[in-house]
Amino acid sequence: FNNPTIFTISTWFKTTTNNGGKLIGFGNQQVGQSQNYDRNLWLDPSGHVHFGIYSNGDERTIGTTSTFNDGQWHQACAQLSPSGMKLFVDGTLRATNNSYTIPENFTGYWRIGYDNMTGWPDAPNSFYILGALDEATVSNAVRSESWVKLNYENQKNGSSLLSLNNGKPVVSLNQLVEALPESSLTAQAFSIAAALGTSKSSSTSIQVKLNYFGNAQNGIDYDPLQSSYSLTIPADSTLASQVINLTPIEDLLDEGNETLYVAIVPDTAYRVGNEDTIAIVITDNDQKYPPVILKEPADTSALTGDVASFSVEVSGSTPLTYQWTMNGIPVGTSSSTLITPPVSMNDSGAHIQCIITNSVGADTTRVATLYVSVRPEAPVIVRQPQTVTVAEGEYATFSVAVAGTPPFTYQWYNDSALVSGAVDSSIRVGPVTKNDNNSRYYCRVSNSVTDMISWKAILTVRKPSSQILVITGELYTSDLHAIGSSSTATMDFTVKLFPSMTSDSLLYSESFLTQYNQAIKVTDGKFSIRLGEGNATGDLVDIVRSNSNIFVSFSISRPGGNPETLNRRVPLTASPYALSSLPQIYSRLI
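Put into structure tokens, the structure is as follows:
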């Protein structure tokens with residue numbers, strides 16, 4: 145509710161608590177304790193009833209001198225209007241203050257039976273009311289004192305009610321409804337249905353006087369109408385009806401043109417309790433009323449392919465005719481609800497309106513708007529993750545491509561275990577180890593419609609590649625005199641690199657041209673060669689290319705006897721093949 149400043153609030157309560165509690169109040173929270181709380185109706189711990197508003201920077205309150213925590217049912221009613229504050233209990237005006245008319249300005253909720261009361265004078269010890277509440281009402285109108293009195297008299301224990309049927313269902317016997325304006329009360333026939341209690345075995349006649357309810361300050365003021373009527377209740381029946389004629393009475397109340405009537409029924413065997421006032425509603429069966437829109441059609445949203453619904457609530461004399469329009473064009477429906485055909489994006493923004501007519505008038509609703517959104521499509525994986533083979537220490541990448549309605553969310557899994565942080569369309573895994581071999585990676589793709597699961601891609605992990613180095617070139621004999629048996633020996637070398645797990649077979653398939661033409665296998669920088677007097681071992685230090693020469697640095701150990709380690713930078717006159725291949729392999733070796 146947006147800052148109610150004119151209202152009538154009321155509730156019945158029954159309690160014996162010595163803590164007090166809130167009956168009705170206005171707060172900015174729908175549940176829990178409000179930070180803004182105003183327009184409060186409450187009991188203090190002693191049982192006094194209070195009404196207060198926060199106005200002009202302070203709490204302004206009025207209260208009763210009597211207490212009402214006696215375990216009996218009581219009705220509390222509070223009002224705020226430009227005339228000030230009023231507090232009623234059991235239909236009687238108990239306190240007023242005409243100085244304060246503006247409460248605190250905020251939007252909130254009417255709270256019943258509980259909310260914050262911190263800081264208010266005469267505050268309860270408990271924000272809850274321990275007891276029973278019933279018939280709590282909130283109205284955006286200020287009711288007259290006579291209305292409040294009649295409302296109380298009509299609902300208290302032992303009261304009976306008469307209702308009139310105007311061709312619609314009889315008004316509830318526990319509901320007070322104000323009469324029509326007196327200008328419509330001409331000398332017409334009215335049907336009175338009286339429910340007066342337990343049926344008897346014989347018929348009984350009772351006198352019913354129709355009176356208006358005046359503005360007496362003390363007690364009830366009855367002024368008789370021009371006639372009284374006899375109602376005969378047939379045997380074994382609790383319901384009787386009789387046609388009577390009413391003559392209008394002018395200026396019965398001083399609050400406009402509304403007239404309230406009370407039926408006075410003497411105590412009979414058909415009565416319960418000692419009260420003798422019965423509220424009735426008088427409606428002219430022959431009076432016709434134009435349509436009045438009670439609830440407007442609301443804006444509606446729908447997805448493409450769905451239907452949309454608009455409805456209106458109307459009062460007025462029947463029959464009522466409904467004509468709905470869409471963008472000003474009549475559509476084929478004649479009820480209070482319009483159900484559209486399945487909508488498309490072309491219907492988005494359409495204006496919906498309804499014209500209601502009867503024999504005495506017409507009314508037109510507000511323009512409601514139809515909003516249409518594209519129905520989202522489920523995700524479809526158009527490229528699945530593929531199986532990947534990498535060596536130990538390297539990285540593997542899996543990815544998916546998706547069609548459908550975004551936005552999408554992604555989550556990758558490894559053998560059903562969620563991979564933390566892997567929430568993109570691709571995942572990079574590594575550096576991998578042999579324990580990652582045969583892992584299965586897949587992705588769950590989601591949007592607002594549903595989830596989809598990708599294929600499971602297998603990660604294969606192989607051993608690291610061996611590097612095979614073969615060098616071709618002329619080896620100067622002067623650099624081998626400490627090891628070789630001949631000072632004139634020469635040797636050819638070839639440079640090749642085999643990054644394959646099967647490189648050993650390639651190495652040993654090489655053909656040797658002479659005794660001294662050998663392949664050198666280098667693994668992790670180690671090599672072994674055959675030189676005239678036996679095997680020699682060593683380390684490959686580096687390879688350097690300078691103009692047409694390739695310099696290979698070896699650390700060579702001579703076999704047998706006293707081992708000797710020689711560090712040599714060996715100049716090689718490279719073949720054209722070696723020179724052309726070196727740029728590709730050089731970076732892998734150094």
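The working numbering puts the first residue of the sequence shown at 145, with every later residue one more than the last. All residues carry an ideal CB built from backbone N, CA and C; glycine is no exception.
Excluding its 5 nearest sequence neighbours in each direction, VAL518 has C-beta neighbours in its own chain below 6 Å: THR448, listed in chain order. For GLN467, the enclosing beta strand (DSSP E) has its first and last residue at 465–470. For THR604 against ASN581, the beta-carbon gap comes to about 6 Å, under 8 Å, which counts as contact. Judged by their CB atoms, SER598 and ILE525 are nearer to each other than the 8 Å cut-off. Between VAL532 and PRO486, the alpha-carbon positions lie close to 48 Å from each other.
The beta carbon of GLY548 sits closer than 7 Å to the beta carbons of GLU521, ALA522, PRO523, VAL524, ASN591 from its chain, once the five residues preceding and following it are set aside; these are given in chain order.
Ranked by how close their Cα comes to the Cα of ASN269, the residues LEU277, ASN260, ALA276 have ASN260 in first place.
For HIS192, there is no enclosing beta strand (DSSP E), as DSSP marks it with neither H nor E. Between LEU167 and ALA220, the C-beta spacing is below 8 Å. The straight-line gap separating the alpha-carbon atoms of GLN497 and ILE246 is approximately 38 Å.
Below 8 Å, too few C-beta pairs join the region 196–216 and the region 278–298 to call them touching: fewer than three. Under DSSP, SER455 takes part in a beta bridge, and its partners are THR481. Boundaries of the beta strand (DSSP E) around TRP156: 151–158. DSSP assignment within the region 235–297 yields the following whole beta strand (DSSP E) runs of 3 residues or more, N-terminal first: 236–241, 253–256, 276–283.
Contact annotation: THR155 and ARG287 have beta-carbon atoms that are not nearer than 8 Å. Bounds of any beta strand (DSSP E) do not take in LYS578, whose DSSP letter is neither H nor E. Using a Cβ-Cβ distance cut-off of 8 Å, the region 466–481 and the region 532–547 are not in contact, since fewer than three pairs of beta carbons, one from each stretch, lie closer than that value.
Sixteen is the threshold: when 16 or more other Cβ atoms of the shown chains lie within 10 Å of the Cβ of SER290, as they do, the residue is buried. Residue pairing by DSSP places MET596 opposite VAL589 in a beta bridge. By the neighbour-count definition (other C-beta atoms within 10 Å, threshold 16), HIS495 is an exposed residue.
Rounded to whole angstroms, the separation of the alpha carbons of ARG183 and GLY169 is 5 Å.
DSSP, reduced to helix, strand and coil, places ASP568 outside both helices and strands of the structure shown, so it counts as coil. TYR585 is a Cβ neighbour of PRO529, given a cutoff of 8 Å.
DSSP places ALA222 inside the beta strand (DSSP E), whose first and last residues are 218–225.
Per the C-alpha coordinates, the member of GLY565, SER560, GLN299, GLY215 positioned closest to THR161 is GLY215. Between VAL589 and ALA540, the gap from beta carbon to beta carbon reaches 8 Å or more. Taking all protein chains shown into account, MET229 has 16 or more neighbouring C-beta atoms within 10 Å of its C-beta and is therefore buried. With a 10 Å radius around the Cβ and a threshold of 16 neighbouring Cβ atoms, ASP188 comes out buried. Looking at HIS218, MET470, GLY252, the one whose alpha-carbon comes closest to that of THR513 is MET470. Rounded to whole angstroms, ALA506 and LEU438 show a C-alpha spacing of 13 Å. The C-beta of GLU457 has fewer than 16 other C-beta atoms within 10 Å across all chains shown, which makes the residue exposed.
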